Each structure stands twice: as C-alpha cells, then as structure tokens.
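**Q** Note that the UniProt record's numbering gives residue 202 to position 202 of the sequence shown, counting from 1, and the numbers run on in steps of one.
Glycine included, each C-beta is placed from N, C-alpha and C at the ideal position.
Just so we're clear, the structure is a prediction, and the values are computed from it rather than from any experiment.
Would you mind keeping the following structure in view while I ask a few things?
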Amino acid sequence: MAISEGLDLDERPPPGWKRALEAAAVFSRIHRGFGHLGPRGPEDGAPAMVIPGFIATDRTTMELRRALAEAGWRVHPWGLGLNRGASADILDRIDGQLSKAVPEGPVLMVGWSLGGLFAREYARARPERVRAVVTLGSPFSGDVRANNVWRLYEWVAGHKVDDPPLPRITEKPPVPHLAIWSRRDGIVAPRSARGLPHECDAACEVDCSHMGFGVSRKGVRTVVREIDNFLKK
C-alpha cells in the first residue's frame with residue numbers, strides 16, 4: 001500500500017513534481033548565497049548557529065543568517081560543508097564547531113529540514129549548550145517516509161531512513177523547541193514538520209515553500225519574527 005493511502009492530507013508526502021518547484025526556488029535566488037561565510041551580526045549579540053538541510057551547505061542559509069544578524073544575533077554557520085545525512089559522529093562534529101565558535105554559554109540552534117533533526121538531538125545530548133531549538137520544515141515527527149526525498153537520502157547517506165546511525169527520538173528535547181512548518185512545503189508532509197503537542201513547545205505555521213524558509217525574503221522575515229516572539233514568551 002502506498003504511504004499516502006488512508007492518510008489525512010497533512011500526513012501525506014508532497015507529490016514528487018513539487019521537488020522541481022523547490023529546486024527552482026533555490027536556483028532563482030542563488031546569488032543570495034554570495035558573501036563571506038563567517039560569523040555575522042554584532043559581536044556582543046546573543047549567539048546562534050544555523051544548520052543547513054540535506055545536501056545543502058552554509059551558502060543556502062546565507063539569507064537567513066543575514067536576517068538574524070540584522071535582528072541583533074551573532075550568527076554562526078555550521079562550518080561542516082555539505083550536509084550528506086546523519087552519521088555516528090555528527091553530534092560530536094557539531095559540538096566541535098560550536099565549541100570553536102562559542103566556547104561557552106547557551107546558543108540558539110536553528111535547523112532547516114534535516115538540520116533541525118540534528119539540532120534537536122544535539123540539544124538532547126548537550127542541553128546546557130542550547131538556549132532553544134528552532135526547526136524549519138524538519139521531519140521530526142510521524143512516518144520517516146512522509147517526504148518525497150527519502151529515496152535520494154538513502155542513496156546519498158548510505159543507510160535506510162528507518163535505521164539511521166543517529167537516534168530519532170520524537171519526544172521534545174529538554175530545551176524550548178519551536179517548530180515552524182508550512183502547508184505549502186513541497187518536500188516534507190506538514191504533519192511531520194508540525195509534530196504533536198508533546199513533541200515541541202510551540203508549532204507555528206508560515207506561508208512559504210520548503211526552500212522559502214531560508215531563501216525567500218518574506219519567509220526569512222517571518223521566521224525571524226516568529227523566533228523573536230517565541231523567545232519572548
């Protein structure tokens with residue numbers, strides 16, 4: 001039986017043709033990834049790190065990091081190159097990068113798509129180092145195949161989506177977690193990115209595509225605003 005049979009609309013993976021639209025959204029804005037990759041924002045700003053999604057790099061998060069920096073954050077890239085999927089040492093590698101960028105104190109961890117899963121599990125492993133986790137279209141809940149890139153993921157990452165080298169725990173991490181999701185997401189089923197009430201502290205719907213979380217100026221502005229609202233509560 002196909003995964004979409006018998007499922008509510010929000011639980012179904014988006015149709016495969018939407019991947020092309022998502023890719024076009026990135027390529028049409030590729031110039032926004034230009035610029036230096038180092039930290040951005042005021043040196044005395046509250047620290048944040050942005051983790052890119054699957055088969056993406058810090059170039060793809062440039063627009064989002066610019067917006068966070070303009071909002072007063074001291075924003076750091078993840079600095080680990082292309083995100084090729086989960087590995088047994090990924091949390092240690094993130095910890096190493098974070099220790100170099102921000103030697104001590106809690107940091108806002110923003111993870112886009114797969115990057116959000118890494119941010120959640122890093123917060124579970126090192127809660128004292130994480131102020132809060134924000135996931136952007138991240139499939140942290142529900143069926144691991146409720147997206148239209150899981151076959152590509154298995155091919156690139158070299159493991160099954162239901163047998164990753166990194167535990168996939170749906171219970172919320174021991175830090176505040178904001179899940180930002182969209183019904184227009186062309187990659188991840190809305191239900192997977194929204195989660196259930198016990199899996200996050202707050203879920204916020206925005207009107208953008210999956211790639212729009214990080215490359216659309218409207219989407220980026222909305223993300224930054226919702227982060228600010230969440231942290232004020």
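How close, in whole Å, do the beta carbons of Val-223 and Ile-180 come, if the pair is a contact with beta carbons under 8 Å?
**A** Right, their Cβ atoms sit about 6 Å apart.
**Q** Do the region 210-219 and the region 48-65 meet, that is, are 3 or more Cβ pairs less than 8 Å apart?
**A** Judged by Cβ distances under 8 Å, the region 210-219 makes contact with the region 48-65, as three or more pairs qualify.
**Q** Arg-59 to Gly-45, Cα distance in whole Å?
**A** Cα to Cα, the separation comes out at about 22 Å.
**Q** Tell me, to the nearest whole angstrom, how far the beta carbon of Asp-201 is from that of Leu-178; I am working on the premise that it is less than 8 Å.
**A** About 7 Å; that satisfies the 8 Å criterion.
**Q** Measuring only from the beta carbon, is Pro-52 closer than 6 Å to any heavy atom that is part of the ligand MG?
**A** Although the ligand MG was asked about, the structure shown includes no ligands whatsoever.
**Q** Are the CB atoms of Ser-138 and Leu-117 within a distance shorter than 7 Å?
**A** Result yes, Cβ atoms of Leu-117 and Ser-138 sit closer than 7 Å.
**Q** Drop a sphere of 10 angstroms on the beta-carbon of Arg-221, count the other beta-carbons inside from all chains shown, and report buried for 16 or more, exposed for fewer.
**A** The residue in question, Arg-221, is exposed, as its Cβ has fewer than 16 Cβ neighbours within 10 Å.
**Q** Apart from the five residues on each side of it in sequence, which residues of its chain come closer than 6 Å, Cβ to Cβ, to Gly-219?
**A** Once the five neighbours on either side are set aside, the close Cβ partners of Gly-219 are Cys-208, Gly-212, Phe-213.
**Q** Can you tell me whether Pro-39 is helix, strand or coil according to DSSP?
**A** Three-state DSSP puts Pro-39 in coil, outside helix and strand.
**Q** Could you give the uninterrupted runs of the alpha helix (DSSP H) lying entirely in the UniProt domain "AB hydrolase-1" (83-154), keeping only those of 4 residues or more?
**A** Counting whole runs of 4 or more residues, the UniProt domain "AB hydrolase-1" (83-154) contains the alpha helix (DSSP H) stretches 90-101, 114-125.
**Q** Can you list, in chain order, the residues of its chain with a C-beta nearer than 6 Å to that of Thr-61? Leave out the 5 residues immediately preceding and following it.
**A** The answer, listed in chain order, is Val-50, Pro-52, Gly-214.
**Q** Answer with buried or exposed for Asp-185, where buried requires no fewer than 16 other C-beta atoms within 10 angstroms of its C-beta.
**A** Counting Cβ neighbours within 10 Å, Asp-185 comes out buried, since at least 16 surround it.
**Q** DSSP three-state label for residue 249, please.
**A** Absent from the model: residue 249. The displayed extent of the chain is 1 to 233, so no value can be given.
**Q** Under three-state DSSP, which class holds Met-211?
**A** In the structure shown, Met-211 sits in coil (DSSP, three-state: anything other than H, G, I, E or B).
**Q** Give me the Cα-Cα distance between Ala-56 and Lys-232, rounded to the nearest whole angstrom.
**A** Spanning the two alpha carbons is a distance of roughly 30 Å.
**Q** Which same chain residues end up closer than 6 Å to Ile-227 when comparing Cβ atoms and leaving out the 5 residues on each side of it in sequence?
**A** Result list for Ile-227: Val-134, in chain order.
**Q** Short of 8 Å in beta carbon distance, which residues of its chain neighbour His-159, apart from the five on each side in sequence? Order them along the chain.
**A** So the qualifying residues of the chain are Gly-85, Ala-86, Pro-165.
**Q** Arg-168 bridges to which residues according to DSSP?
**A** Bridge partners of Arg-168: none, in fact.
**Q** I think Ala-146 touches Glu-11, with their Cβ atoms under 8 Å apart; what is that distance to the nearest whole Å?
**A** 6 Å between Cβ atoms; contact.
**Q** Alpha carbon to alpha carbon, what distance is there between Val-175 and Arg-124?
**A** If I take the Cα positions, the gap works out to 8 Å.
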